[in-house]
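Chains as they are written, first to last, in the working numbering: chain G, 1 to 440; chain F, 1 to 275; chain X, 1 to 312.
Ideal Cβ placement from N, Cα and C applies to all residues, glycine included.
Keep in mind it's a predicted model, so treat the numbers as computed, not measured.
First comes the structure, then the notes that go with it.
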Amino acid sequence: MKSSNAPRRLVALIGSMAAVMCSAACSVGSLGTGDQAAGDTTITYLVFNEPSTVKAANALIAAFEKDNPQIKVKLDTMPTGSDGDNIVKTRLSTGEMSDVFSYNSGSLLQAIRPDEYLVSLSDQSWVKDLDKSYLPAVSTAKGLYGAPTGGSTPGGVVYNKAVYAKLGLKIPRTWDQFRANNLLIKKSGIAIPVEQTFGDAWTAQLVILADFANIAAVAPQWAADYTANKARNVDQPALSSWQHLRQLHDDGLLNKDFASATYDKGVQAIATGKAAHYPMLAGVIDAVRQNHPQYLKDIGMFAMPTATGTESHLTLFLPSGRYIPKTSTGAKLDAAKKFVAFTQTTQGCDLLVQSGSYGPFMNRLCKVPADAPAAIKELQTYVAAGNTGPALESVSPIKGPDLPQLAVEVGSGIRTADSGAKLYDQNVKQQAQQLGLPGW
Amino acid sequence: MRSHSHIVRGLVAIAVSTIVFLVPFAFIVLTASKTSAEASQFEFSWPGDFVLLRNIAEVFKVRDFVIVRAFINSTTLTVSSVVVMVVLAAMMGYVVQRRTGLFTNAARMLVLAALIVPSAVVPTIWVLQALGLYKQMLGMILIEVTGGLPFCVLLCSAFVATIPRELDEAAALDGAGPLRVFFRVILPLLKPVVVTMVVVQSVAVFNDFTGPLYFLPGDENATVQATLFNFQSQTLSQWNLLFADILLITVPPLVLYVFFNRQIVEGMVNGAVKG
Amino acid sequence: MTVGTTPVAPAAPAPAEHPPPRRQRGRSTRSRYPLWFLLPGGGLLVLLFVVPTATSFYFSLTRWTLFDSTFIGLENYVTFFQDPQLFGSFVHTLVYAVITSVGKVVAGLALAILLNGRIIARGYLRAVVFFPVLVSAVGVGITFKVLFDPFDGLINRALGVVGIDGPGWLTNPDLALASVAMVDIWKGVGVSTLIFMAGLVAIPRDYYESAHIDGATDWQLFRFITLPLVGPATMTVVILNVISGLRSFELIWTMTGGGPGFTSDVLASVIYKKYQAGLYGLSTAGNVVMFVVVAAITIPLYRWFRRREVAQ
């Protein structure tokens, strides 16, 4: 060996690493656990890690702990979307769930077997304050399991009021009116008629998903038929949504970077008036408030124009629920119930509104604040007129995983509406079979 | 003449590598220095308002300095699992390469299979629960060791092949036992590849996102990759903070590399296998 | 092993130097390389790999909700093979694995030779080539998505300066997969380079020196010394890259999500989408299929390399 000290140095290196490892391991335990007085109960609360959600949860916890000094609530987070979905299922099925957790309502809730894994909250006093339309989304035949986490999220078309004012356009109710508006805007050249952002594939679904309240308005049985394998996307009325998506592309109404643009770009385009329309969720309004506050007054929103009736209906994506797993017992269960009840009080509502949630709310104690952005108030007219309906995913357990990709293909002109709807039906079948639904 | 061409070649290499490898990093740094609105434009431009420090401070402040805890956790996890992984892999690789027979062949196939097969999340949790190691740092360390082992065994056995068998035979003839031969003769000779393994696996473990997500849940167990999701959501992304966070959590691997870079060079200068 | 037979430590005469009679019986191969060395690592692999994997093989034959499972035989496999996107994703997977493996082997070896040779700013270059390895796939994916933007992206803006109208790297269905593969090479070439560099060090300098005296050209040095003797490293690099290429997921997922449409979908992303959708049994069956595909390609490759190694 030429360098006789090489091994010694290596050993020293490993040794020092081991030292680091030990010191780190020894110190990490004391961090973040905080001091805990005897007799206190600590519960954990699991939420999705969107910044706004976490902020709202922290505000809730702070207020709750102030009222209940003997209970400590520790916040846990999980990623949004399907990662979070899998986390919830994994932790429930392995008996490791947090004492209170937020999760989707509606069909996705049924997939986590509420009767087996969740504590029934039917006997809680706050249940009487809930909107009746929300109850089925958090209940089974055996009981009610969840409390709403916030307001519904409306889906429809976000539009730029400045562009509308300049061209003297009226808010469209039917798809033909919408198309006429778009062609006018195109002719005027002052803005891109419709912004699409397929760089984030999920955004491509909105033209289809936000049209569902319109379909349900003329075919109330559709969702049930769909679940029972009696209604399909390749047939009308559902096919019209797919055709609209394709038509927007074929009419040449889209921004030229539709294939690569991301959600953020869409928000920016609609805020600045570069684009006149953006088929999207009401979350855009909050994004504009955060990133382009000076343009907030230019933002408006209307329901997806209908091709099946004369009056358009606003599609509402129902809020998630707060649930308690059966693994919470004894003092922890009492504390968890207390915490959930606290979120359904007037004080809980105020905190919710303060953190940027505008409704429409599912608890009658919660009121849309007077200083809400104009776009939010505009949407209230649909609520007042009763022209709203839940999203398909709230009323049917089947949603094919390939919808974003198929919507991108149809919306980019790569695939026809018929072919997209047909492939989607095949995709849905796979999922329905897996769920073991009758009729598939 | 030769040295002249060396310089030309070097200059070309520097120019090309700077463009290809450094420009994307410049982009990360620039975006991390912008305001939220400016960052979401995605332009490769000098920030109108240079707020890198403010963004970094913001990243630290998020959720009660969760990132500090994350750094401690990730460091513990990375250092412990890499040390164990490297030693176990070197032992396995050594015997697998030197010996043939039923058991070594089985071990070789096992390693190759483990390299190929994607991990099964839920059954793994069941095993951890049975051992009482679920949600424990030790359990996570074992998961990472198991995950990195195949790669390391493959590397080690390939490099043990370059060490003349006569070396361990000679050492054995001098009366050294197998442990002594391994730790005093073989492991030092593996130094270049040990450095490779340490660097590559440290980076892999440190950057692992899905592992801790499943096997080490809970905010007190947060690891650095999980902090990226504090700034990214389906509807609202703070790109400036996201990139500032990417920048921050890239620092430890960078420091590690700068530190070990010298070790790599040294290992090479010494010519570990000259015997 | 050829590498052992260096001019410095000649291997062939070894038996003569240590004549057999002096070899103690107890110091035979058996005890010198004890099997218990395999135990700690092997035990971990059995516990945390074999057991869970075997369990999941069973679940691939069931309809599995994580909460309970119903045995349905091979139905998941039938469904998986009937998936309209499956064939395309097979082809994409193979193309992706070939592009990335070839790219990383060629570029890695070239860079390793360059960086092992005499060159100015060697430390800088080594560091720079390795930088991308240090960033997480999520970070790299986000960054390149932005750089590849067809209109505002740095790459097309730079091309625009020299008068080229750059394509939609990630939005053009014909280009998306190749673009991600390029980024994969960019991100991963540092590891291949590192392994090759360590492999090159193992080649005794005396070979080059004596060949040089015999008047060999640079190409001959490469062809007849470097290439054959860097064999073990090549095997490692090829095997690792083929496997990671066939299994690759993170980068594709962050950059294109398999899109536009399904044009950059690979096996791993199809399986992940099934998993996302809660089709756990189906997705597990997909994993088994992927395992078979990867094994069918990798094991013969591995055997071939080992035979060559022994033959040398």
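Buried/exposed call for residue i, threshold 16 Cβ in 10 Å
i, result
"Arg246 (chain G)", "buried"
"His314 (chain X)", "Only positions 1 to 312 of chain X appear in the structure, and residue 314 (chain X) is not among them; the question remains open."
"Gln221 (chain G)", "exposed"
"Asp286 (chain G)", "buried"
"Lys230 (chain G)", "exposed"
"Met255 (chain X)", "buried"
"Asn156 (chain X)", "buried"
"Leu53 (chain F)", "exposed"
"Asp211 (chain G)", "buried"
"Met109 (chain F)", "exposed"
"Thr76 (chain F)", "buried"
"Val8 (chain F)", "exposed"
"Asn49 (chain G)", "buried"
"Asn105 (chain F)", "exposed"
"Ile112 (chain G)", "buried"
"Lys422 (chain G)", "buried"
Contacting residues, own chain, Cβ-Cβ under 7 Å from residue i (five flanking each side not counted)
i, result
"Thr227 (chain G)", "Ser396, Pro397, Ile398, Leu437"
"Val203 (chain F)", "Pro253"
"Tyr325 (chain X)", "Since the first and last residues shown for chain X are 1 and 312, residue 325 (chain X) lies out of range."
"Tyr275 (chain X)", "Ser283"
"Val199 (chain F)", "Leu256, Tyr257, Phe260"
"Thr62 (chain X)", "Ser69, Thr70, Phe71, Ile72, Gly281"
"Pro472 (chain G)", "Absent from the structure is residue 472 (chain G), since the part of chain G shown begins at 1 and ends at 440."
Extent of the continuous beta strand (DSSP E) run through residue i
i, result
"His277 (chain G)", "275–281"
"Pro193 (chain G)", "192–194"
"Met78 (chain G)", "71–78"
"Trp64 (chain X)", "62–64"
"Met140 (chain F)", "Element bounds for Met140 (chain F): not the beta strand (DSSP E) but the alpha helix (DSSP H), 137–160."
"Asn160 (chain G)", "153–160"
"Val47 (chain G)", "41–48"
"Phe71 (chain X)", "69–71"
"Phe302 (chain G)", "299–302"
Close Cβ partners of residue i (< 8 Å) along its chain, the five nearest in sequence each way excluded
i, result
"Leu175 (chain X)", "Pro167, Gly168, Trp169"
"Val105 (chain X)", "Ser192, Thr234, Val237, Val238, Asn241"
"Ala407 (chain G)", "Ala201, Ala204, Gln205, Val207, Ile208, Leu245, Gly420"
"Ser119 (chain F)", "Gly147"
Simplified DSSP assignment, three categories, for residue i
i, result
"Arg9 (chain F)", "helix"
"Asp83 (chain X)", "coil"
"Phe71 (chain F)", "helix"
"Gly175 (chain F)", "coil"
"Phe317 (chain G)", "strand"
"Ala391 (chain G)", "coil"
"Asn363 (chain G)", "strand"
"Ala147 (chain G)", "strand"
"Ser139 (chain G)", "strand"
"Ile185 (chain X)", "helix"
"Thr308 (chain G)", "coil"
"Ser396 (chain G)", "coil"
Contacting residues, own chain, Cβ-Cβ under 6 Å from residue i (five flanking each side not counted)
i, result
"Tyr77 (chain X)", "Ala285"
"Leu352 (chain G)", "Gly150"
"Ser394 (chain G)", "Gly106, Ala137, Leu318"
"Phe243 (chain F)", "Ile28, Thr31, Ala32"
"Lys161 (chain G)", "Asp298, Gly300"
First and last residue of the uninterrupted alpha helix (DSSP H) at residue i
i, result
"Leu112 (chain F)", "102–116"
"Ser136 (chain X)", "Looking at the DSSP string, Ser136 (chain X) is not in any alpha helix (DSSP H), and its letter there is neither H nor E."
Heavy atom of the ligand COA within 7 Å of residue i beta-carbon
i, result
"Phe342 (chain G)", "Absence of the ligand COA from the depicted structure is noted, as is the absence of any ligand whatsoever, leaving it without description."
Looking at chain G, which residues of the region 213–231 of chain X have a Cβ within less than 7 Å of any of its Cβ atoms? none
Note down, in chain order, all residues in the region 136–167 of chain X with a beta-carbon under 7 Å from any beta-carbon belonging to chain A. The structure shown has no chain A; the protein chains it does contain are G, F and X.
Could you please tell me which residues of the region 9–20 of chain F, in chain order, have their CB closer than 8 Å to any CB of chain X? Arg9, Gly10, Leu11, Ala13, Ile14, Ser17, Thr18, Val20
Of the residues that make up the region 100–118 of chain F, which ones have a beta carbon closer than 8 Å to any beta carbon in chain X? Look at the region 100–118 of chain F: the residues with a C-beta under 8 Å from a C-beta of chain X are Phe103, Thr104, Ala107, Leu110, Val111, Leu112, Ala113, Ala114, Leu115, Ile116, Val117, Pro118.
At a Cβ cut of 8 Å, what residues of the region 248–262 of chain X count as close to chain G, listed as they run along the chain? Hits within the stretch, in order: Gly257, Gly258, Gly259, Pro260, Gly261, Phe262.
Taking a Cβ distance cut-off of 7 Å, strictly less, list which residues of the region 257–270 of chain G are near chain X, in chain order. Asp257, Ala259, Ser260
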